[in-house]
Structure formats: structure tokens, C-alpha cells
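Please read the structure below before turning to the comments.
Protein chains in written order, with the working numbering: chain P, 210 to 404; chain W, 15 to 238.
Given below as C-alpha cells:
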């Protein structure tokens, strides 16, 4: 049987369909962006309040909230595993990217444990937030994520000019523009498209 | 009796197409030249800096300026490869964007670590003036760790996405070396950086280049 060749238009349409499907999948999975986004936002602002306003010595304990995120991710991941579905190339790329990001956050955590968490830590995290969202946004061609990533990079530079306390607020702002706002926009966009 | 053909729903059709694309996606089309060049450049920079420290001499210029100079041939290779590509595969878009983001992050890392270093230097100098000996904490010792952390990310993601094991292992090696450098001296850090760049980029680049040449020759033979 002769293999049917796709015309350039058909190829383009196929890619568009894949992108739309991944956007839809990402919107379905935006719960991860939102849970991690809000937890990190809460931790950054909470640490600022505890350290800067209340002068609480163990201000860093607020970061224990990430345990909630880890438990949630494991639970949600297992739940999704049960619903097996075909994945596109773009789905896989996003999955590999965020696996790499998770490993990078872990390794960065090890560096900072050795260097001291009281030193300049936020610019590194903000830079990595930007990398993940910029690449994700570029793959699914969703501009708010791309812009969020670029703004996070600008905030990473800006945060080096302020004291440790205010770097926490830069961290919160980066999370807001690169995780939380794009996740809500993606959700509302797909809701509108589905309606 | 033939079984009636099952009609696929729109979702099932889409899933099937996606699976088919997934099967065909692993084709590596990179010439590997950029990986060879960057692997060599980073290894040379690290080893020259090591020899400067070990033998106590100083070049009239910073050897790491070589990385900025390497951007020029990188642009040349990218433009040349883009011209060669008849169509841009979706994987190319992903890898192009990821490596571009990596490049931006390298500049950011230079900036952040530089500002950290300049912020800590007066404190270190004052410590030395007061105590008469160097501070036990030297931020410069952590420089390699931060860069190895970044080197690992796009290398690992590229390796796992392309199902190209040399890069996947190379990326993991960068992260392992990153952790080791936290406990070693600057000299060892530089050796580990050179080793990482050779295994993460230089060797995978050579394999890619060989595969690319083979594929090109095969294509030429088929056209004869």
C-alpha cells in the first residue's frame, strides 16, 4: 500500500492539534502549578512576615509547607497513573523538562545546605522558576508562561540588589507571575474554548 | 467473516496519531558540532584555570573569555543548520528553546554569582585584616557547583527526550560532580568540570557527528 504523505497544511494542522491537546492537558494539570505556586508564594511571604516584621528566629520553618506539596504531588501522580492515556511528543517533552527541573531544585537544595540557607538563595530559585516556565510556554506556545519566565529572570537580577529579607518578596512576585497567573489564564482559556 | 471495523472516536484518533508521532520522534538530526565545541571550550577553560592555580602564573587575559568568543561560531553553526533544515521538526523547537533558555541562565548565573562574590569580598577582606589569615569560607569554591548544576539540566532533558543515553548519563554526571564539588578543593572542582563537559557534551557530540555523517552517506547512497 502506498504511504500517504501529509501536505504542509495537514502537517501544520496536526502540530496545532498536538499543541491544543497539550494545552488542554496542561490546563488539566495546572493544579500542580497552582498548588506549588500558592504554597511557595505563602512560604515566601510568610517567611518575610516572620523574619522582617516579627523577628522570629526560626522563620525558615514556614518552608515545611512544601511537604504538603510533595504529598499532594505523589497522591495526584498515582491517581493520574491509573487513568492511562496516550501522550503526545509535547506531553513527554514537558514531563522530561519538569523531571529535570525537580532534580535541579534538589541539587540546588544540596548546594545551599552546604553553603548556608541564610545566604543569597532566592536569585537561584527565581532563575530556575523562569527557565521552567519559559521553556514550557515556548513548547505549548502560551505567551503568558513565556512572559512569566522572562519576568522571573528580570526579578532574579533585581533580587541581587536587595537584602535577603526583600529577596523573599521577589521570590513571591516571581511565583505569582510565572506560575500562578499563567496557570489561571490557561485554565480560563481552556474553559472558554470548551464552552 | 470479517470483523466490522471499529470506528475510532475523535479522541482515540488523536491519541493514535500522537502515539505514531511518538514512535517516529527519536530521529536525531543534530550534527553535534556545537556540542563538540562547547565540550572542548569548557574543558580547556577549566584546565587552563587549573594550571594557572597549580603553577602560580596568570595569563594576560581571563581564559573564560573564550566562552564569549565561542558564541560567534555557535551563531554561525546555528544559522548554517537552520538553512540546511528543510522543515523545522517540533523537537527542534523544544531543543532550540531549551538551550536558548540555558544560555540566558548561564549569563544570569555569572551575574548572580558575581554579585554574591562582590558582596562577600569586603567581609572576607575585613576578616583577613582582623585575624591575619584568610577566612575559612571561600565563595569561589562553590562557583563550579552552581555551573555544573546548570550544565546538567538541558543535557539530561535532551538526553532523555532524544533517548540518547550518552547525553542522559552526561547530564546525570554533571549533577553528581556538582554534589562532589561541594566537598572538594577548587583544583578538584576544575578537574570535575572538565570531566563533566567532556562526558556531557564532547563525547556525545562526537557520537552525534558520526551518526549524522553515517545517515548522510546512507541517504547519498540511496539517491544514487
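C-beta: ideal position from N, C-alpha, C; glycine also.
The structure displayed is predicted, hence computed values, not measured ones.
- DSSP places residue 49 of chain W in the uninterrupted alpha helix (DSSP H) bounded by 47-69.
- By the criterion of a C-beta distance shorter than 7 Å, residue 72 of chain W is surrounded in its chain by 66, once the five residues flanking it on both sides are discounted.
- At a cut-off of 8 Å, the C-beta of residue 383 of chain P has no neighbouring C-beta in chain W.
- For the stretch 112-124 of chain W, residues whose beta-carbon sits nearer than 8 Å to a beta-carbon of chain P comprise 112, 115, 116, 118, 119, 122 and 123.
- Residue W/152 holds the alpha-carbon nearest to the alpha-carbon of residue 325 of chain P among W/142, W/152, W/117 and W/216.
- Straight-line measurement puts the Cα of residue 367 of chain P at about 24 Å from the Cα of residue 311 of chain P.
- Taking a beta-carbon distance threshold of 8 Å, residue 200 of chain W does not count as an interface residue toward chain P.
- Look at the stretch 86-138 of chain W and you find no whole run of beta strand (DSSP E) that is 3 residues long or longer.
- If you look at residue 213 of chain W, you'll find it isn't in any alpha helix (DSSP H); DSSP assigns it neither H nor E.
- Going by C-alpha positions, residue 146 of chain W is about 10 Å away from residue 139 of chain W.
- Distance from the CA of residue 301 of chain P to the CA of residue 341 of chain P, rounded to the nearest whole angstrom, comes to 14 Å.
- Straight-line spacing of the CA atoms in residue 63 of chain W and residue 77 of chain W works out to 7 Å.
- The CB of residue 189 of chain W comes closer than 7 Å to the CB of 312 and 316 in chain P, given here in chain order.
- For residue 304 of chain P, the uninterrupted alpha helix (DSSP H) segment begins and ends at 298-324.
- Excluding sequence positions up to five before and after residue 391 of chain P, its CB lies within less than 6 Å of the CB of 353, 354 and 357, all in the same chain and listed in chain order.
- Residues of the stretch 347-379 of chain P that bring their beta carbon within less than 7 Å of a beta carbon in chain W comprise 347, 348, 362, 365, 366 and 369, in sequence order.
- Among the residues of chain W, those whose CB is under 7 Å from the CB of residue 323 of chain P are 196, following chain order.
- Between the C-alpha atoms of residue 201 of chain W and residue 88 of chain W there is a straight-line separation of about 29 Å.
- Under a 10 Å Cβ-count criterion, residue 132 of chain W is classified as exposed, with fewer than 16 other Cβ atoms of the shown protein chains found around its own Cβ.
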